[in-house]
Amino acid sequence: MTALVPLPVLLPLLGAALTLLLVNRPLPQRLVSVSCLAATLVVASVLLVQAYRHGPLVVQIGAWPAPVGIVLVADQLAALMLVVSSAVTLCVLLYSIGQGQGETGESAPLAIFHPTYLVLTAGVTNAFLAGDLFNLFVGFEMLLAASFVLITLNGTPLRIRTGSTYVVVNVLASMIFLISVGLVYAATGTLNLAHLAARLDALPDGVRLSLQLMLLLAFGIKAAVFPLSAWLPDSYPTAPAPVTAVFAGLLTKVGVYAIIRTQTLLFPGEQAGTLLLVVAGLTMLVGILGAVAQSDMKRLLSFTLVSHIGYMIFGVGLSTVAGLVGAIFYVVHHITIQTTLFLVAGLVEQRTGSTDLRRLGGLARLTPLLGVLFFVSAMNLAGIPPFSGFLGKLGLLQAGVAAGGALAWTLVAVGTLTSLLTLYVASRAWSMVFWRTPCQTVPSTAPLPALTVGATTVLVILGVGLTVVAGPLFDVTTGAAIDLRDRTPYIHAVLPGGPP
Amino acid sequence: MRESGANLVSFVAIGVLVGCGVSLLLERSLTRILLGVILVGNGVNLLIIFGGRSGGPPVVGVTDPAEMSDALPQAMVLTAIVITLGFTAFLLAISYRSWFLTGDDEVPDDIEDQRIVRRAARKEISASDLGSEPPEDDPEQVDTPAPWQRWRGKGPR
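Which chain is which? The protein sequence lines are P and U, in order. Taking the UniProt record's numbering, the leading residue of the first sequence gets 1, the next gets one more, and so forth. Taking the UniProt record's numbering, the leading residue of the second sequence gets 1, the next gets one more, and so forth.
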């Protein structure tokens with residue numbers, strides 16, 4: 001069964017090579033990319049079931065033994081992330097096909113959409129599966145390089161302008177990550193995560209803390225945690241809708257995943273707990289206040305994205321099992337919902353030619369389906385009771401209350417306030433776009449392609465379905481969190497004979 | 001077993017490379033930022049190299065295993081060099097495209113900054129409610145003109 005572990009990385013890469021060869025033949029190209037991602041989803045689901053039943057699956061690439069060779073590890077957390085991310089990427093791919101992204105012919109550069117998208121997926125899955133720090137870095141670089149191409153697709157002035165900020169900030173973050181990797185290797189002589197878990201404990205406290213902070217800084221930029229988040233709302237909204245959607249859903253969450261992985265496996269103490277809690281609170285507040293001030297749907301959604309990263313960091317910062325359970329559940333919920341919201345914004349843009357809240361209005365009468373799709377996902381994001389957003393926030397707030405202490409209580413209060421403000425922002429956006437009488441824009445009469453609406457609807461249903469499967473999902477996240485806190489299942493799976 | 005080959009000179013070299021790179025990264029022109037990225041990248045690569053043990057070539061049969069240099073950082077640096085090369089190429093492409101489109105390769109102000117400048121120019125920095133400005137003034141909808149044009153056109157009289 002371990003032979004399946006490398007497939008989530010290999011399948012998209014293989015697909016990227018094939019789609020690059022099929023650049024001039026749109027239909028086979030689409031078939032290849034859709035089938036690759038569908039196969040990835042199937043493999044990821046099998047991996048999740050296996051990891052849930054039998055513990056982490058480990059593959060040593062080229063049969064080189066663990067501390068020296070490259071290992072890929074699919075434990076419950078990684079497998080769960082794989083399932084969610086491949087489901088979301090598949091839906092977004094279908095959406096983009098429906099929208100005509102990746103068409104060949106006159107607009108030739110777009111033919112590279114499919115290969116680039118698949119490389120992005122491979123980078124994301126590689127980062128989830130990576131069992132050593134350098135492979136994690138390589139995963140990050142793969143997804144970054146692909147994201148650079150996607151965010152500047154077509155090279156329009158606006159995209160070059162925002163893309164250059166994005167590229168520079170992320171290259172800088174990669175440099176910081178690379179410096180941390182170099183320092184970690186110099187200090188310990190290994191980069192294998194399981195091996196590091198044993199060796200880092202032997203380091204002096206000061207050295208360990210500085211390594212931890214360097215890594216947190218690098219991942220904090222990628223995850224858009226507050227003082228390092230200013231690049232995100234500027235660069236995301238200008239990209240094509242499916243690109244923004246998949247970036248919003250996945251890229252920041254890869255950063256959050258890396259934070260969860262390193263904070264639990266490498267630095268299990270509570271040294272950075274206070275710092276994480278403080279930045280989590282600031283991220284929530286500053287992000288949502290930014291969203292309140294926005295008048296463009298996509299920018300507004302980018303700010304809510306930043307704000308809700310705070311919830312996940314809150315869960316990690318508590319450094320209790322309950323906090324981790326909440327954080328992992330929230331990551332799953334947020335990947336789905338944030339992607340959906342950006343896709344709906346893309347549909348609105350396609351239907352009316354604008355995402356400006358001041359121009360739009362009365363869309364509910366024109367396209368009732370869009371109104372329902374946006375309403376359900378916006379309420380889900382805000383955390384209205386039946387939806388998974390409510391369950392995730394409830395889990396986190398309960399974990400905060402259980403942890404106790406002034407800071408945790410403050411964070412509980414901030415989390416509640418952020419949830420209420422999200423509700424305000426979401427309902428304001430909904431009523432401005434869908435409800436009031438239209439003021440300026442004459443909506444285009446062309447009907448929306450069935451595939452884009454279908455893909456969005458599937459994602460909305462997935463988001464609602466998270467509530468239905470919340471019981472089993474909480475089982476998986478609890479299992480993952482216990483394994484993370486315990487550390488031994490991961491270390492034993494990678495180094496069966498104990499660390500050398 | 002030999003110790004790491006790092007000495008004061010190597011760390012000064014790393015420091016100078018990264019320091020110069022950082023100050024170039026703080027510039028507004030993409031070409032200078034690109035040079036900064038190259039310098040920082042090379043500094044970081046040196047740092048990784050010096051993280052490992054120095055010694056003879058790590059080939060079995062050529063060097064006694066106790067005298068071998070650490071091959072792992074070298075392998076990592078090769079990967080890092082390739083990645084830096086790719087990013088450099090992409091940054092070059094972006095700065096060329098930026099120059100092609102706008103005549104320079106400066107990283108422009110972000111949207112919120114432009115918004116504040118525009119409101120300050122109109123002396124309405126205090127809360128203006130939604131709907132007060134027409135969409136063609138909205139930077140998300142229209143590419144804003146260069147700053148000097150904006151100041152000349154709408155500056156306070």
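By construction, the Cβ of each residue, glycine as well, lies at the ideal position given by its N, Cα and C atoms.
Out of curiosity, what's the CA-to-CA distance linking residue i and residue j?
{"i": "P/Phe128", "j": "P/Gly281", "result": "26 Å"}
{"i": "P/Arg436", "j": "P/Glu270", "result": "50 Å"}
{"i": "P/Thr252", "j": "P/Trp231", "result": "12 Å"}
{"i": "P/Leu363", "j": "P/Thr355", "result": "12 Å"}
{"i": "P/Leu94", "j": "P/Ala239", "result": "17 Å"}
{"i": "P/Trp64", "j": "P/Tyr490", "result": "18 Å"}
{"i": "U/Ala80", "j": "P/Val184", "result": "16 Å"}
{"i": "P/Leu305", "j": "P/Gln338", "result": "7 Å"}
{"i": "U/Thr102", "j": "U/Arg28", "result": "14 Å"}
{"i": "P/Val278", "j": "U/Ile38", "result": "34 Å"}
{"i": "P/Leu343", "j": "P/Val71", "result": "35 Å"}
{"i": "P/Gln60", "j": "P/Ala399", "result": "36 Å"}
{"i": "P/Val494", "j": "P/Val58", "result": "6 Å"}
{"i": "P/Phe267", "j": "P/Val453", "result": "44 Å"}
{"i": "P/Met379", "j": "P/Phe387", "result": "8 Å"}
{"i": "U/Pro106", "j": "U/Leu30", "result": "Here residue 106 of chain U turns out to be Glu, not Pro, going by the sequence shown. Their backbone Cα atoms lie some 6 Å apart in a straight line."}
{"i": "U/Ser10", "j": "U/Gly41", "result": "15 Å"}
{"i": "P/Arg161", "j": "P/Val119", "result": "24 Å"}
{"i": "P/Leu4", "j": "P/Leu47", "result": "7 Å"}
{"i": "U/Leu47", "j": "P/Thr89", "result": "37 Å"}
{"i": "P/Gly479", "j": "P/Asp75", "result": "10 Å"}
{"i": "P/Gln212", "j": "P/Gln263", "result": "8 Å"}
{"i": "P/Ala66", "j": "P/Leu484", "result": "19 Å"}
{"i": "U/Gln114", "j": "P/Pro237", "result": "16 Å"}
Which stretch, first to last residue, makes up the alpha helix (DSSP H) that contains residue i?
{"i": "P/Gln29", "result": "26 to 54"}
{"i": "P/Leu10", "result": "7 to 21"}
{"i": "P/Asp483", "result": "470 to 486"}
{"i": "residue 503 of chain P", "result": "No answer is possible for residue 503 of chain P: it lies beyond the span of chain P, which begins at 1 and ends at 500."}
{"i": "P/Pro242", "result": "241 to 246"}
{"i": "P/Ser210", "result": "205 to 223"}
{"i": "U/Arg118", "result": "111 to 121"}
{"i": "P/Leu153", "result": "Looking at the DSSP string, P/Leu153 is not in any alpha helix (DSSP H), and its letter there is neither H nor E."}
Of all the CB atoms in chain P, is at least one closer than 8 Å to the CB of residue i?
{"i": "U/Ser128", "result": "Summary for U/Ser128: the model assigns pLDDT 47, below 50, so the residue's position carries little reliability; its value from the coordinates is reported in the next sentence. No, U/Ser128 does not count as interfacial toward chain P."}
{"i": "U/Ser29", "result": "no"}
{"i": "U/Ser98", "result": "yes"}
{"i": "U/Met68", "result": "no"}
{"i": "U/Thr63", "result": "no"}
{"i": "U/Val40", "result": "yes"}
{"i": "U/Pro58", "result": "no"}
{"i": "U/Ala80", "result": "yes"}
{"i": "U/Asp110", "result": "yes"}
{"i": "U/Gly51", "result": "yes"}
{"i": "U/Gly86", "result": "yes"}
{"i": "U/Ile116", "result": "no"}
Beta-carbon of residue i versus every beta-carbon of chain U: anything under 8 Å?
{"i": "P/Leu459", "result": "no"}
{"i": "P/Ala239", "result": "no"}
{"i": "P/His229", "result": "Reading off the sequence, residue 229 of chain P comes out as Ser, not His. It does not: the Cβ of P/Ser229 has no partner Cβ on chain U nearer than 8 Å."}
{"i": "P/Gly163", "result": "yes"}
{"i": "P/Met214", "result": "no"}
{"i": "P/Leu178", "result": "yes"}
{"i": "P/Val167", "result": "yes"}
{"i": "P/Met312", "result": "no"}
{"i": "P/Tyr117", "result": "no"}
{"i": "P/Asp75", "result": "no"}
{"i": "P/Leu366", "result": "no"}
{"i": "P/Phe226", "result": "no"}
{"i": "P/Ala145", "result": "yes"}
{"i": "P/Pro132", "result": "According to the sequence as given, residue 132 of chain P is Asp; it is not Pro. So, not an interface residue."}
Which residues does DSSP pair with residue i in a beta bridge?
{"i": "P/Leu72", "result": "P/Val59, P/Ala130"}
{"i": "P/Asp356", "result": "P/Asp296"}
{"i": "U/Asn45", "result": "Beta-bridge pairing links U/Asn45 to no other residue."}
{"i": "P/Asn192", "result": "P/Asp132"}
{"i": "U/Val60", "result": "U/Thr63"}
{"i": "U/Ser29", "result": "U/Glu106"}
{"i": "U/Met68", "result": "U/Gly56"}
Mind reading off the beta-carbon distance from residue i to residue j? Whole number of angstroms is fine, and I expect it under 8 Å.
{"i": "residue 535 of chain P", "j": "P/Val414", "result": "Residue 535 of chain P lies beyond the stretch modelled for chain P, which goes from 1 to 500, so this question has no answer here."}
{"i": "P/Met297", "j": "P/Ala248", "result": "13 Å between Cβ atoms; not a contact."}
{"i": "P/Gly98", "j": "P/Ala455", "result": "6 Å"}
{"i": "P/Trp430", "j": "P/Phe375", "result": "6 Å"}
{"i": "P/Leu77", "j": "P/Leu133", "result": "Not confirmed; about 17 Å, so no contact."}
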